[in-house]
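Per this note's numbering, the sequence shown starts with residue 13, numbered consecutively. Worksheet for the structure shown next.
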Amino acid sequence: MEFEIVIGLEVHAQLKTNTKIFCGCTTSFGAAPNSHTCPVCLGMPGVLPVLNKQVVDYSIRMALATNCEINRTNQFARKNYFYPDLPKGYQVSQFDLPIAEHGWVKIEVEDESKKIGLTRIHMEEDAGKLVHDEREPKSYVDLNRTAVPLIEIVSEPDLRSPEEAVAYLKKIHSILRYLDICDGNMQEGSFRCDANISLRPHGQKELGTRTELKNMNSFRNVQRALEYEIRRQRDLLLEGEEVVQATLLWDPDRNVTSSMRSKEEAHDYRYFPDPDLVPIVIDEEWIETARASLPELPGQRKQRFMEELGLPAYDAEVLTAAKELADYFEAALLGYDNAKKLSNWIMTELMREFKGGGPEDIAACKVSPANLAALLTMVQKGTISGKIAKTVFSDMMESGKEAEAIVKEKNLSQMSDEGDLVRIVQEIMADNPEQVEQFRDGKTKVMGFFVGQLMKKTKGQANPQMANELFQKELTK
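What follows is the structure, given as structure tokens:
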């Protein structure tokens with residue numbers, strides 16, 4: 013029996029506000045445990061929350077960027093559950109009146125574009141963090157993260173493979189970073205996701221029993237966890253067993269999921285409107301002000317790179333995935349006008365050095381966009397060969413020196429003196445009479461051998477085009 017995979021994702025993104033959602037405590041990361049707290053975020057009796065307006069601003073911007081309908085009136089609700097890292101005994105979230113609904117984003121998987129629906133975007137406060145002692149059975153509570161503002165972005169169950177799920181996550185991550193409303197740091201937990209997954213026989217309309225994978229904080233772990241859960245559910249169904257609805261945790265060390273608890277439904281949380289927070293009314297002026305502040309988004313930038321610069325869709329997609337990488341590319345383009353050759357260099361040499369090309373990598377890059385442009389200009393002018401340019405680039409990445417200085421210091425300029433090259437060409441021909449006869453008998457592929465010998469003798473400094481022309485001339489005398 014063949015099964016259809018159905019995946020929906022819930023993305024939690026911490027917003028880049030300076031203070032928490034309902035109090036003046038800082039949201040900065042990495043402080044001593046419980047040092048960024050106050051009576052409001054600790055839920056002390058008698059305190060009242062005050063909404064941070066920037067949280068609403070950021071939520072509106074994300075809603076506009078993902079084609080959502082913004083609810084002009086929306087409301088906070090209390091989501092009741094009891095856990096050590098939730099000091100109030102409830103989480104302030106949104107339920108039946110979220111800030112935005114019915115949006116969509118486009119993803120590309122294997123050169124095919126697909127529209128993924130967004131059910132809703134809602135605002136809420138984050139919970140604290142449990143720190144487990146590995147030496148003894150104790151856990152400690154750090155409430156610094158409590159009430160840090162979040163938006164939860166809930167997709168429709170439109171994803172049909174782990175690859176689509178990862179592509180969707182990367183697109184949401186990219187939009188958040190372009191908007192500059194979330195730093196997207198997955199290691200610090202400011203961008204994380206839960207995945208709902210079920211299998212159903214092909215052709216069946218009803219969804220199968222789903223499980224939820226919680227708090228995955230890397231694209232790789234999301235893909236591996238989904239692949240494992242698909243196999244696990246398929247095996248159960250093929251053996252005639254039922255899938256039990258549950259919340260699961262992914263163990264990246266053992267590559268397995270484990271049950272955390274039975275899956276809760278909305279009624280288990282006993283939602284009701286928060287009596288301490290009035291409904292939020294958003295007028296048209298507020299929305300239009302937010303719309304006017306939107307930057308060029310990754311999809312728009314990709315389209316511009318394709319239309320104005322003539323880049324293939326793949327290149328444009330890679331270059332615009334991270335705002336910092338796209339900015340680097342456009343800055344380098346100011347000094348070097350061949351967009352395709354520049355994109356090739358960035359996607360191969362630059363990203364190979366970084367094993368990626370994310371924002372932290374670009375910020376730490378010792379090769380400025382202007383210096384990369386200068387290096388490629390030297391190749392274009394024939395000052396150095398493409399092969400030598402790669403060596404020079406590695407040196408630039410390590411030392412931070414300019415290309416011209418390295419070429420001069422190591423005497424790497426390309427040999428373009430015809431007299432010097434003719435002498436070497438004649439030496440190679442004299443040393444290889446058999447290959448000379450092969451060429452003259454019509455085996456022109458042997459030209460590669462001759463040019464290779466010349467590059468070896470000149471340590472890669474000969475001008476390849478001139479080398480071809482000189483061999484052609486000398487061999488046909």
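In this text, a Cβ means the ideal position worked out from N, Cα and C, and glycines have one as well. None of the values given here were measured: they were computed from a predicted structure.
Per-residue DSSP class, three states only, for residue i
i: Gly-398; result: helix
i: Gln-216; result: coil
i: Met-135; result: strand
i: Phe-231; result: helix
i: Lys-206; result: Here the sequence assigns Asp to residue 206, which means Lys is not the residue at that position. Strand, per DSSP.
i: Ile-33; result: coil
i: Ala-325; result: helix
i: Leu-309; result: coil
i: Thr-488; result: coil
i: Glu-421; result: helix
i: Leu-27; result: coil
i: Gly-55; result: coil
i: Val-62; result: coil
i: Gly-472; result: coil
i: Phe-15; result: strand
i: Gly-20; result: strand
i: Met-72; result: Residue identity check: residue 72 is Ile in the sequence provided, not Met. Three-state result, Ile-72: helix.
i: Thr-332; result: helix
i: Ile-299; result: helix
Alpha carbon of residue i to alpha carbon of residue j, nearest angstrom
i: Met-56; j: Thr-29; result: 23 Å
i: Ala-126; j: Tyr-326; result: Contrary to the premise, residue 126 reads as Lys rather than Ala in this sequence. Roughly 15 Å separates the two Cα atoms.
i: Glu-164; j: Ala-112; result: 11 Å
i: Gln-484; j: Ala-401; result: 26 Å
i: Gly-252; j: Ile-242; result: 15 Å
i: Gln-235; j: His-48; result: 34 Å
i: Lys-91; j: Leu-98; result: 11 Å
i: Ile-133; j: Leu-250; result: 36 Å
i: Leu-384; j: Ala-415; result: 8 Å
i: Gly-460; j: Gly-431; result: 21 Å
i: Gly-196; j: Ile-440; result: 58 Å
i: Lys-100; j: Gly-140; result: 11 Å
i: Asp-263; j: Gln-103; result: 26 Å
i: Val-391; j: Glu-176; result: 39 Å
i: Met-74; j: Ala-338; result: 20 Å
i: Ile-358; j: Glu-16; result: 38 Å
i: Asp-453; j: Ala-376; result: 55 Å
i: Met-478; j: Ala-442; result: 19 Å
i: Glu-329; j: Met-198; result: 21 Å
i: Asp-123; j: Leu-21; result: 22 Å
i: Tyr-281; j: Tyr-93; result: 6 Å
i: Thr-38; j: Asn-46; result: 12 Å
i: Glu-187; j: Ala-334; result: For the record, residue 187 in the displayed sequence is Ile; it is not Glu. C-alpha separation (whole angstroms): 9 Å.
i: Leu-345; j: Ala-386; result: 11 Å
i: Gln-450; j: Thr-360; result: 37 Å
i: Leu-27; j: Gly-398; result: 44 Å
i: Glu-446; j: Asp-373; result: 51 Å
i: Ser-40; j: Asn-475; result: 55 Å
i: Pro-310; j: Ile-128; result: 16 Å
i: Phe-231; j: Val-178; result: 6 Å
Residue i vs residue j beta-carbon contact at 8 Å
i: Gln-66; j: Phe-88; result: no
i: Ser-167; j: Thr-131; result: yes
i: Leu-142; j: Val-153; result: yes
i: Leu-424; j: Ile-396; result: yes
i: Leu-171; j: Ile-418; result: no
i: Ile-378; j: Met-409; result: Reading off the sequence, residue 378 comes out as Lys, not Ile. Yes. Within cutoff.
i: Leu-109; j: Thr-85; result: yes
i: Tyr-190; j: Pro-307; result: yes
i: Arg-266; j: Asn-229; result: no
i: Thr-332; j: Arg-303; result: no
i: Glu-200; j: Phe-34; result: no
i: Tyr-340; j: Thr-389; result: no
Interface flag, residue i vs chain C, CB-CB below 8 Å
i: Lys-183; result: The structure shown contains no chain C; it is built from a single protein chain.
Segments of 3+ residues assigned as beta strand (DSSP E) that fall wholly inside the region 237-292:
If we require 3 residues or more, the beta strand (DSSP E) runs fully inside the region 237-292 come out as 258-263, 268-274.
- [ ] State whether the region 101-118 contacts the region 73-83, with contact taken as three or more CB pairs (one from each stretch) at a distance under 8 Å.
- [x] Verdict: yes, contact present.
Below 8 Å, can you find three or more Cβ-Cβ pairs linking the region 292-303 to the region 255-266? Pairwise C-beta distances place the region 292-303 out of contact with the region 255-266, as fewer than three of them are shorter than 8 Å.
- Please list the segments of the alpha helix (DSSP H) lying wholly inside the region 431-455, counting only runs of 4 or more residues, in order along the chain. Entirely contained in the region 431-455, the alpha helix (DSSP H) runs reaching 4 residues are, in chain order, 445-452.
Check your understanding: Which ranges would you report for the beta strand (DSSP E) in the region 79-161 if only whole runs of at least 3 residues count?
Key -> The DSSP assignment places 89-92, 102-105, 112-121, 124-137, 141-144, 151-154 as complete runs of the beta strand (DSSP E) inside the region 79-161, in order along the chain (cut-off: 3 residues).
Contained alpha helix (DSSP H) runs [length at least 4] in the region 167-203, N- to C-terminal order
If we require 4 residues or more, the alpha helix (DSSP H) runs fully inside the region 167-203 come out as 174-191.
request  = Would you check if the region 316-324 and the region 341-352 touch, i.e. whether three or more CB-CB distances between them fall below 8 Å?
outcome  = With the rule of 3 Cβ pairs closer than 8 Å, the region 341-352 counts as touching the region 316-324.
- Item | Entirely enclosed beta strand (DSSP E) segments - the region 338-418, minimum 3 residues | Listed in chain order, there is nothing to give.
Counting Cβ pairs closer than 8 Å, one from the region 460-475 and one from the region 433-452, do we hit at least three?
Verdict: yes, contact present.
Is there contact between the region 210-218 and the region 182-189, where contact requires at least three CB pairs shorter than 8 Å? Touching, no, given that fewer than three Cβ pairs across the two stretches are closer than 8 Å.
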